[in-house]
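For reference, each letter of the sequence shown is one residue, going 963 to 1493 in the working numbering. Just so you know, even glycine gets a beta-carbon here, dropped at the ideal spot from N, CA and C. Nothing here was measured: the structure is a model prediction, and the numbers come from that model.
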Amino acid sequence: MMPIVDTDPYRTYSVHRPYPFMNYGETVPEGTFTVPYRKVVEIKAVPYSGFVFTHWRAFPGGAFYENPLHVMVKCHNAEFIPGFADIRDGSSPPPPPSFTGTVALEGGSGEVFTSDSAPGTVDAHVQKSSCLAANFAARVEVGKNFFPAYWGWSEQGIDICSVTSTTEIATIIRPLSADTTFTLHLAERIRLNVLVEGEGMIPGYLPYTYNPIPYVNTFNIINALEPAPDINANKVTLSASPHPGWEFSHWEILRDTGWEAVRNSNGLPLEGDLDIWMNWWDDPAHPGRHVPRDEPIFNVKAVFLRPWVILLSGECEFSGQFVDCSGSGLNVVLRPMLEPCYTVDFYNEDVVNPDGSGWLYEEIVLRLRGLKAKSVMLIGHSHGGGSIYNLCNLFEYADSAYDHNKPGVRSLDICFTGYIDAISEDMSLLPISAERKYPPSSLRHGNLYQEITIFPIPLNGATTIDENGTVTSPNFNINLLPRVFGQTHQDIDDCVIVHDIYKNILDNILYSFVCLPLYSFGDDNIHNCIN
């Protein structure tokens, strides 16, 4: 059989003068009243001349010594009757009872102060006696690593609680109607620790601490007091601002296995503001953005990186040929422009391997694993078109395949002159027939230069090549050198016109202080990186 459940949302209570001492005083209000369940009401005893208030008798509930009395109406037909003492003959009022208030700390430590006690550091409790004429007052300055969560005590056989504000000081002011222990429940606080890798700052960040398990109470009944599973509590938004010459790369969070890159819902590195929640509740919508249970510190890191520019000499025309271009050409002309804002490396291709650009790119990717970069620009000339496709794939997976916690290169700019060689596969992942499906593989490029073109890829994503190999760009002038038979790569590397072309391009980039644009790699979008 199902139990009978009380569904009445109202309660009736009555307040009246004591019989037969009706002429000792009165009550405000007086009578019988109906109010919603758990409503807090105020009743006041007003003694007549020659009489004094002594106490309230409540049925059920016992004695109360405060006046006016604030009481929560929970049971049917509660009755409240004031007590008065007759002092018309000049006698003294009856002495009030004396009760002891005790402060106890649970879950932590702190300093407890009462109105007539010296401060003392405690882990258990302090006591203070108080008469009914005064409230019991205590203040607790909470220990270093704790927050006050709530006060709890028993009053007339009923457990009561009161949630504190989340500060470092908690107070209790209550009249004593019996010996009472007020227990301050403490929660361990958690700290947000934000680190910076590279050079940048987190505007507005201060090392705040947070209450990871805020409490709520309903109707001041301790049975209804529980840690509030509020997954949105203590939300913190962090922003990253790079210093000049640096770019913000991504956020990382320290896990049990080490630092791990934060990714968005698409699995890509999070490059915008980071939202985290300084509480111990899990949120499936934001996995990993909440503090692990019982951890006192949440470590977050903002990673700032220097963009990386690679200057390349051209590959040699004849087997075994080698000319060191590090002391001339692009390396000497462009390095002073680039070094204030970028990490700059120079490669003589044939120092690595005399067999083509693909080997050079393998060497660059190995360097990348130790360097850590978000944006990369290649500047050079005469590097095989097939190997460019290979390079896009290598850069995409260079970091992530080597260490899945690294976000990898996300921006690749290529500035080459006369750069396509579709004669050999040149370490390409694609066969020659596939290479020719993507521009700019229609450009003619023999063993010796027939014409030299500036080919900015993909500086603005709008450079195009028609079926005749004509290069057009809306933002940059396309400069052509006269067709000269017999020019070597080293001749071109030291060519003043080529230098001027590159400097004009770099002026546009550096003047705007905009880091290299973002392009996606992989699948059929590979050609977007080169046209």
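- Around the beta carbon of tyrosine 972, a 10 Å sphere encloses fewer than 16 other beta carbons of the protein chains shown; the residue is thus reported as exposed.
- DSSP, read as helix, strand or coil, puts proline 1044 in strand.
- Comparing alpha carbon positions, the residue from Asn1107, Thr1126, Pro1057 and Val1158 closest to arginine 1151 is Asn1107.
- Scanning the stretch 1102-1148 for uninterrupted alpha helix (DSSP H) segments of 4 residues or longer gives nothing; none is fully contained.
- Taking every protein chain shown into account, the CB of tyrosine 1010 has fewer than 16 other CB atoms within 10 angstroms, so this residue is exposed.
- Within the same chain, and ignoring the five residues on either side of valine 1198 in sequence, the residues whose Cβ sits closer than 7 Å to its Cβ are Leu1154, Ile1238 and Met1240.
- In this structure, isoleucine 1043 sits away from phenylalanine 1013, with a CB-CB distance that is not shorter than 8 Å.
- Judged by DSSP secondary structure, valine 1156 falls within the beta strand (DSSP E) whose first and last residues are 1152-1159.
- For the pair of segments examined, the stretch 1019-1032 was found not to touch the stretch 1100-1114: the number of CB pairs separated by less than 8 Å stays below three.
- Rounded to whole angstroms, proline 998 and isoleucine 1122 show a C-alpha spacing of 19 Å.
- Rounded to whole angstroms, the separation of the alpha carbons of asparagine 1196 and proline 1174 is 8 Å.
- Taken through DSSP and simplified to helix, strand or coil, valine 1253 comes out as coil.
- For tryptophan 1243, there is no enclosing beta strand (DSSP E), as DSSP marks it with neither H nor E.
- In this structure, the beta-carbon distance from arginine 979 to glycine 987 falls below 8 Å.
- Burial is judged here by how many other beta carbons sit within 10 angstroms of a residue's own beta carbon; asparagine 1293 has at least 16 and is buried.
- Between the alpha carbons of asparagine 1228 and glycine 1220 lies a gap of roughly 22 Å.
- In this structure, DSSP gives valine 1327 a helical state, which the three-state scheme calls helix.
- The Cβ atoms of glycine 1072 and threonine 1142 lie no closer than 8 Å to each other.
- Take asparagine 985, set aside five residues on each side of it, and the residues of its chain with a beta-carbon closer than 8 Å to its own are Tyr1010, in chain order.
- Leucine 1236 sits in a strand when the DSSP states are folded into three classes.
- Taking 8 Å as the cut-off, the Cβ atoms of alanine 1223 and valine 1156 do not count as close.
- The Cβ atoms of isoleucine 1341 and tyrosine 1309 do not sit closer than 8 Å to each other.
- Beta-bridge partners assigned by DSSP to glutamate 1301: none are found.
- Leaving aside the five residues that flank phenylalanine 1109 on each side, the residues in its chain whose CB is nearer than 6 Å to its CB run, in chain order, Thr1128, Ala1149, Arg1151 and Asn1173.
- Annotated three-state conformation of leucine 1296 is helix, per DSSP.
- In this model, alanine 1047 and alanine 1007 are separated by some 12 Å (Cα to Cα).
- Sequence-distant Cβ neighbours of leucine 1236 in its own chain, meaning closer than 6 Å and more than five residues away, are Leu1200 and Trp1213.
- Counting along the chain, serine 1211 sits inside the beta strand (DSSP E) bounded by residues 1209-1217.
- In the three-state scheme derived from DSSP, where H, G and I count as helix and E and B as strand, leucine 1031 is classed as strand.
- Our two residues, proline 1059 and leucine 1138, have alpha carbons roughly 10 Å apart in a direct line.
- For arginine 1255, the CB contacts under 6 Å within the same chain, skipping 5 residues up- and downstream, are Trp1242 in chain order.
- Taking the Cα positions, serine 1054 is about 46 Å away from glycine 1069.
- Valine 1002 is not a Cβ neighbour of proline 991, given a cutoff of 8 Å.
- Residue pairing by DSSP places histidine 1017 opposite Gly1045 in a beta bridge.
- Sequence-distant partners of asparagine 1226 (beyond 5 residues in either direction) whose C-beta falls short of 7 Å from its own C-beta, in its chain, are Leu1232.
- According to DSSP, residue pairing for asparagine 1261 in a beta bridge involves Asn1155.
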